[in-house]
Structure formats: C-alpha cells, structure tokens
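S.K.: Before I ask anything, let me first share the structure, which is written out below as structure tokens.
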Amino acid sequence: MCLAVPGKILDIYEVNGLLMGKIDFGGVIREACLTYVPEAKVGDYTIIHVGFALNLIDEKEAMETLSLLDEIYKQDLNE
Amino acid sequence: MKYISEYRDSHRVQAVIDEITRTVRQPWVIMEICGGQTHSILKYGLEQLLPKELELVHGPGCPVCVTSLEMIDKALAIAAQPDVIFTSYGDMLRVPGSDGDLFTVRASGADIRVVYSSLDAVKIAQENPEKQVVFFAIGFETTAPANAMCVIHAQKLGLNNFSLLISHVRVPPAMHVILGSPNNRVQGFLAAGHVCTVMGYWEYGPIAQKYKVPIVVTGFEPLDILQGTLFVVKQLEKGSYDVENAYARVVSYEGNQPAQKIISQVFEDCDQKWRGIGNIPMSGWQLKHEFKNYDAADRFHVQKIKPTESPLCIAGQILQGLNKPFECPAFANQCTPEHPLGATMVSSEGACAAYYRYGRSI
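Protein sequence lines correspond, in order, to chains A and B.
For the record, in the first sequence the residue sitting at position 67 is 71 according to this note's numbering, with numbers rising by one throughout.
For the record, in the second sequence the residue sitting at position 305 is 354 according to this note's numbering, with numbers rising by one throughout.
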C-alpha cells in the first residue's frame with residue numbers, strides 16, 4: 005500500500021478549494037491532489053500515493069546519488 | 050520513465066552488489082520495514098544476488114496485513130448494513146475476517162466500492178446524499194495525509210453522510226517491539242522510504258541509539274534497496290549505528306511539513322491492535338475529539354465482535370521477522386492467494402504473497 009509512483013506534473017488547478025493536478029505516469033495520465041506540495045510547478049516530478057503527492061522529487065539530490073553510484077560502478081570496472 | 054529506469058540499471062546494480070560483497074566480513078541480519086520493499090527484493094531476486102552472509106528479513110510494513118481481525122470484522126458488519134456504501138482501497142477486499150471477507154459481503158448484495166483515493170469516497174458521499182458512505186481508512190504514515198485530508202474536505206463540504214472506519218498504524222512503535230523482543234535477530238534496518246517522505250526521519254535517531262542498530266532510509270527501486278543495504282552493511286562492519294538517508298531525492302530530515310500539520314490537526318496517538326502481533330501502546334492514530342462525528346465505529350455502534358483467527362496462520366511471527374513464509378506448514382497448501390488464511394498471503398505487499406508469487410518455497 006505504501007507504493008508511491010513518480011510522475012510529471014502536467015497541469016495545476018483548484019477543485020473545491022483543493023489544489024489538484026494532472027500527472028503523467030510514463031504515458032498514463034491521472035489526477036492527484038497537490039495540497040501537500042504547494043510549491044509544485046508544472047514540469048516538476050512528484051511522488052504520488054493513493055492520489056496524493058507526498059513530495060516533489062529533488063533533481064539535485066537524485067543527480068548526486070546517481071553520481072555516487074556511478075563512482076562505485078567505475079571503481080568496480082577497475083577491479 | 051525518468052526516476053525509474055536509472056534505478057533499475059543492471060550495470061549500476063551489479064556494481065553496488067560487488068561493493069556490498071567487498072564490504073561484508075561476517076553474517077548480518079537486516080530487516081526491510083516495508084512490504085513494498087519486500088516485493089521489490091523478491092521480484093528482482095535481490096536477496097539471491099547478495100552475499101550469503103547477508104540475510105534480509107521482512108518487516109511488518111504491510112498495512113493490509115496488520116489491520117486487526119477485529120477491525121476487518123467491524124468492516125464486514127458495517128458494509129452489510131442497508132443504505133451503506135462501503136468504500137475501500139482494493140487490497141482490503143480479500144482480507145479474511147472471522148467469517149468471510151468484503152467480497153463475500155458484496156456477493157450477498159452489499160454496496161462495496163473500491164476507490165483509488167480517499168477523495169473519491171468523499172465524492173461518492175456527495176453524489177449519494179441518501180446513503181451513508183463509509184471509507185475504510187487503513188494505513189501507515191504514508192496514507193495518513195490522504196485520510197486526514199478527506200475528513201477536512203468532508204467537513205468543508207458539510208457532509209453528514211460520510212464517516213471513516215479507521216485503523217492507522219505507525220512504524221516507530223513497531224520497531225521498538227521488534228528490537229525489544231528477546232528473540233530479536235535484526236541488526237540493521239532499511240527504513241520505509243515513503244513513510245519517511247511524510248514524517249521525515251527525525252524519529253529514528255533515538256531508536257538507533259537505544260538499540261545500537263543502524264537505520265537507513267531506503268527507497269523502492271532495486272538500486273535504492275541495494276544502496277540502503279550497502280549503507281547498513283558499511284555501518285555494521287564499522288560498528289556504528291547512525292541514521293542515514295539513501296533516498297534523498299524524495300525524503301528530507303523534516304519530512305513533509307504541510308502533511309504533518311494536517312495529520313496532527315485530525316489525528317491523535319492511540320493504542321492499536323496489530324494483527325498477529327497484538328496490542329502496541331500508542332502505535333496508532335485515531336480521530337481527535339472534534340472530528341469524532343466522522344468515526345464510523347461510533348456511528349454504527351458495531352459491538353460484540355469476537356474475532357477468531359485461523360490456528361494455522363503464523364503471520365505474526367513472519368511480520369516480526371522471526372519466521373520466513375516457507376517455514377509455515379500451511380504455506381502454499383492450505384494457504385494460497387486464492388484461499389488465504391492470513392492477510393500476509395492476501396496483500397500485494399504481504400511477505401507470504403511475495404514468496405508464493407515469486408516461487409520462494411524453500
């Protein structure tokens with residue numbers, strides 16, 4: 005149940021006082037509530053669980069992790 | 050798909066496994082808290098790729114599995130009442146109660162609907178003013194922001210035909226139970242990434258220090274799980290027991306502040322029964338007094354529930370990492386996903402269902 009899926013925000017709008025958005029999950033578009041990520045902008049990536057955005061994905065942190073893992077990969081190739 | 054494919058890259062996966070193999074010197078037992086992580090581990094065969102010194106045991110982080118039998122029986126009783134539309138996340142419909150499951154009740158004519166989000170349940174209440182709409186609000190901290198928001202939203206809309214049957218559980222009290230058990234084998238934790246997305250990881254420092262276990266916030270893709278495992282193994286070999294974050298693209302130390310604010314506005318701590326484990330003090334959330342009129346357990350006065358659990362099921366042992374599913378005599382014969390004896394065989398995140406689905410019978 006704690007499955008949460010990354011998606012790209014395509015549109016942001018309000019319904020009955022709730023901040024909502026259209027989210028693209030690799031081609032499948034669904035609506036989700038963005039109330040907990042008020043700073044969200046169109047084009048941001050977010051992580052969605054039971055129809056709610058739990059947070060935005062931090063691109064800088066993602067790049068740092070991948071470069072750390074790539075360091076391990078390079079080191080692995082040299083061994 | 051961005052933020053998925055790069056975390057399934059086989060070259061990177063192999064490199065991290067090699068790094069873990071180079072690091073590990075002695076046997077260690079590591080628990081992944083979350084059932085979603087259990088499924089990833091078995092789906093991608095990660096436990097078979099890791100060095101034999103490492104044993105991964107599977108934690109209680111499957112809300113469907115730990116929702117108490119008593120609560121399932123209450124759900125069955127409420128759903129069976131006339132003029133009720135009972136709404137639930139899909140996973141809950143096949144969880145066995147003492148006498149049948151929600152599918153059985155639906156087959157008898159009850160109006161039971163699967164919803165994708167708690168807000169869908171609110172919408173059903175808006176569209177059916179002549180019916181009582183009940184939402185089965187189960188889950189860990191991950192689901193709490195959605196469940197809290199539907200109460201606020203229903204209040205804002207002035208709905209008086211909407212209520213929640215609530216069974217909320219929290220991770221840190223369960224970790225205390227596991228680590229405090231005299232039979233505990235767990236020496237390090239992969240903390241549940243999406244629970245921490247909401248709550249942050251400030252609660253885990255005292256646990257790591259008290260029990261001297263490293264705790265690493267970990268995501269769900271294969272590379273995330275291996276990175277979390279590598280961080281834990283490095284700490285175990287070094288003898289340190291800190292809290293680290295291996296899922297920084299999504300999780301911050303503080304967590305999601307607006308979500309925590311709404312959770313604390315709507316819910317308060319309470320004792321909670323966990324299926325197979327028993328009562329854990331202050332391990333759940335219930336509605337605060339000012340929202341009590343949204344409590345379905347009060348509204349429908351469901352009492353005199355006397356739950357009876359299958360005597361064969363050892364789900365409680367499995368949820369605490371004390372046994373593996375294949376060690377249960379009922380596994381894959383009396384108990385299958387089609388005819389589950391316990392919730393761990395039902396849920397897509399249950400350890401028994403994962404072992405069954407991915408063929409880990411020995």
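Cβ coordinates follow ideal geometry from the N, Cα and C atoms, glycine included.
These numbers come from a predicted model, not from an experiment.
(1) Report back the beta-carbon spacing between PHE185(B) and SER137(B) to the nearest angstrom; my notes put them in contact at under 8 angstroms.
(2) Starting from the C-beta of TYR302(B), find all residues in its chain whose C-beta is less than 7 angstroms away, skip the five residues before and the five after it, and write them out in chain order.
(3) Got a sec? Which residues, its chain only, sit under 8 angstroms from VAL262(B) by beta carbon, not counting five neighbours each side?
(4) Provide the residue span of the alpha helix (DSSP H) that contains LEU412(B), from first to last.
(5) Is the CB of GLY55(A) under 8 angstroms away from at least one CB in chain B?
(6) Can you tell me which of SER147(B), PHE269(B) and ASP347(B) puts its alpha carbon nearest to the alpha carbon of TYR93(B)?
(7) Counting pairs of beta carbons, one from the segment 151-163 of chain B and one from the segment 399-408 of chain B, are three or more of them closer than 8 angstroms?
(8) CB-CB under 7 angstroms to ILE412(B), same chain, minus the five flanking residues each way: which ones, in chain order?
(9) Does GLN75(B) pass the burial test, meaning 16 or more other C-beta atoms within 10 Å, or should it be called exposed?
(10) Along the segment 300-332 of chain B, where does the CB come closer than 7 angstroms to a CB of chain A? Name the residues.
(11) Could you list which residues in chain B have their beta carbon closer than 8 angstroms to that of GLY30(A), in chain order?
(12) Where in the segment 299-386 of chain B do unbroken runs of the beta strand (DSSP E), each at least 3 residues long, occur, reported from the N-terminal end onward?
(13) Could you tell me which chain B residues have their CB closer than 9 angstroms to the CB of ALA8(A), listed as they occur along the chain?
(14) The alpha helix (DSSP H) that contains TYR138(B), what's its start and end?
(15) Mind listing the chain B neighbours of GLU18(A)? Cutoff is C-beta to C-beta under 7 angstroms, in chain order.
(16) Could you tell me which of ARG162(B), VAL218(B) and TRP323(B) sits nearest to GLY333(B), measuring between CA atoms?
(17) Taking the alpha-carbon of ALA223(B) as reference, which of ARG162(B), PHE211(B), VAL351(B) and PRO330(B) has the nearest alpha-carbon?
(18) Out of ALA381(B), CYS114(B), HIS350(B) and LYS101(B), point me to the one whose CA is closest to PRO145(B)'s CA.
(19) Quick one: does ASP62(A) have its CB under 8 angstroms from some CB of chain B?
(20) Specify the secondary structure class of ARG57(B) as computed by DSSP and reduced to three states.
(21) Of all the residues that make up the segment 42-54 of chain A, which are near chain B by a beta-carbon distance shorter than 7 angstroms?
(22) What residues in its chain sit with their C-beta under 7 angstroms from that of VAL292(B), if we drop five residues either side in the sequence?
(23) Check whether chain B comes within 8 angstroms of GLY25(A), counting only Cβ atoms and requiring the distance to be less than that.
(24) Shorter than 8 angstroms from the beta carbon of ILE76(A) to some beta carbon of chain B?
(25) Quick one: list the residues of chain B neighbouring ASN82(A), beta-carbon separation under 7 angstroms, in chain order.
(26) Apart from the five residues just before and just after ASP347(B), which ones in its own chain have a Cβ nearer than 7 angstroms to its Cβ?
(27) In angstroms, rounded to a whole number, what distance separates the CA positions of VAL19(A) and ILE187(B)?
(28) Could you tell me the distance, in whole angstroms, from the CA atom of LEU336(B) to the CA atom of PRO131(B)?
(29) Just to make sure I have the definition right: I need the residues of chain A whose C-beta is within less than 7 angstroms of the C-beta of LYS6(B). Which are they?
(30) Count the C-beta pairs between the segment 314-327 of chain B and the segment 277-286 of chain B that are closer than 8 angstroms, then say yes if the count reaches three, no if not.
(31) Over the uninterrupted beta strand (DSSP E) stretch that includes TYR297(B), give me the two end residues.
(32) When you compare the CB of LEU14(A) with every CB in chain B, is at least one pair closer than 8 angstroms?
(33) Could you check how far apart the C-beta atoms of ILE79(B) and VAL247(B) are, in whole angstroms? I think they sit under 8 angstroms.
(34) Would you decide whether TYR77(A) is buried or exposed? Buried here means 16 or more other CB atoms lie within 10 Å of its CB.
(35) With distances taken Cα to Cα, identify the nearest neighbour of GLU91(A) among ARG34(A), ILE27(A), GLY55(A) and ILE16(A).
(36) With DSSP collapsed to three states, give me the class of TYR49(A).
M.R.: With the given structure in hand:
(1) 4 angstroms
(2) GLY249, TYR250 and TRP251
(3) LEU228, VAL235, GLN236, GLY237, PHE238, ILE256 and TYR290
(4) It is not possible to answer for residue 412(B), since the shown part of chain B is limited to 50 through 411.
(5) yes
(6) PHE269(B)
(7) no
(8) An answer regarding residue 412(B) cannot be provided, because it is not within the stretch 50 to 411 covered by chain B.
(9) exposed
(10) ASN305, PRO307 and ALA308
(11) MET50 and ILE53
(12) 316-323 and 327-336
(13) GLY85, THR191, GLY242, HIS243, THR246, PHE269 and VAL299
(14) Where TYR138(B) is concerned, there is no enclosing alpha helix (DSSP H), given that its DSSP letter is neither H nor E.
(15) Residues of chain B passing the Cβ test: none, with the nearest at roughly 13 angstroms.
(16) VAL218(B)
(17) PRO330(B)
(18) CYS114(B)
(19) yes
(20) helix
(21) PRO42, TYR49, ILE51, HIS53 and VAL54
(22) TYR250, TYR253, GLY254, ALA257 and ILE264
(23) no
(24) yes
(25) The premise fails here: ASN82(A) is roughly 11 angstroms from chain B at the closest Cβ pair, so nothing lies under 7 angstroms.
(26) LYS341
(27) 25 angstroms
(28) 25 angstroms
(29) For chain B, the structure presents residues 50 to 411; residue 6(B) sits outside this window and is missing.
(30) no
(31) The question names Tyr, but residue 297(B) in the sequence shown is Ala. Looking at the DSSP string, ALA297(B) is not in any beta strand (DSSP E), and its letter there is neither H nor E.
(32) no
(33) Not confirmed; about 23 angstroms, so no contact.
(34) buried
(35) Outside the shown range of chain A (5 to 83) lies residue 91(A), about which nothing can therefore be said.
(36) strand
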